[in-house]
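So the sequence shown is numbered by the working numbering: it starts at -3 and just counts up by one.
From the three backbone atoms N, C-alpha and C, an ideal C-beta is built for every residue, glycine too.
Notes for the one structure printed next.
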Amino acid sequence: MLDKYDLADNSWLKTTFSIREKWSMTYRRNTFSSGYLKSDLDIVQFFKHFERSVDDKRTNENKSNFDMTQSIPILKVKLPLLIHAREVYT
-3 MLDKYDLADN SWLKTTFSIR EKWSMTYRRN TFSSGYLKSD LDIVQFFKHF
47 ERSVDDKRTN ENKSNFDMTQ SIPILKVKLP LLIHAREVYT
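Here is the structure:
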């Protein structure tokens, strides 16, 4: 098609084609996506699913941050520097 329309030297098309693995499902068929990308989703469903996934990640991050503030880390090595860092940062 590039030859047919004399676009073989178009820099934008060359760049877009060089990163085709990032945007084309055809090139991503063997890529693990944990169910986040499905070829049968329309754009609205995709963004709803994406928003839900981001919310889940944020919730997990907030829970981890909260859990971190509620406990003292267990040190594997009792070095004075690590003990001091534990007391200062938690």
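With respect to the alpha helix (DSSP H) encompassing residue i, which residues constitute its N-terminal and C-terminal limits?
i, result
"Y85", "P76 to Y85"
"S67", "Taken as a continuous stretch (DSSP letters only), S67 belongs to no alpha helix (DSSP H), as it is neither H nor E."
"K0", "No alpha helix (DSSP H) holds K0; DSSP gives it neither H nor E."
"K72", "It is not in any alpha helix (DSSP H) - K72 carries neither H nor E in the DSSP assignment."
Can you tell which of the options has its C-alpha closest to the C-alpha of residue i?
i, options, result
"S67", "R54, L78, E83 and K74", "E83"
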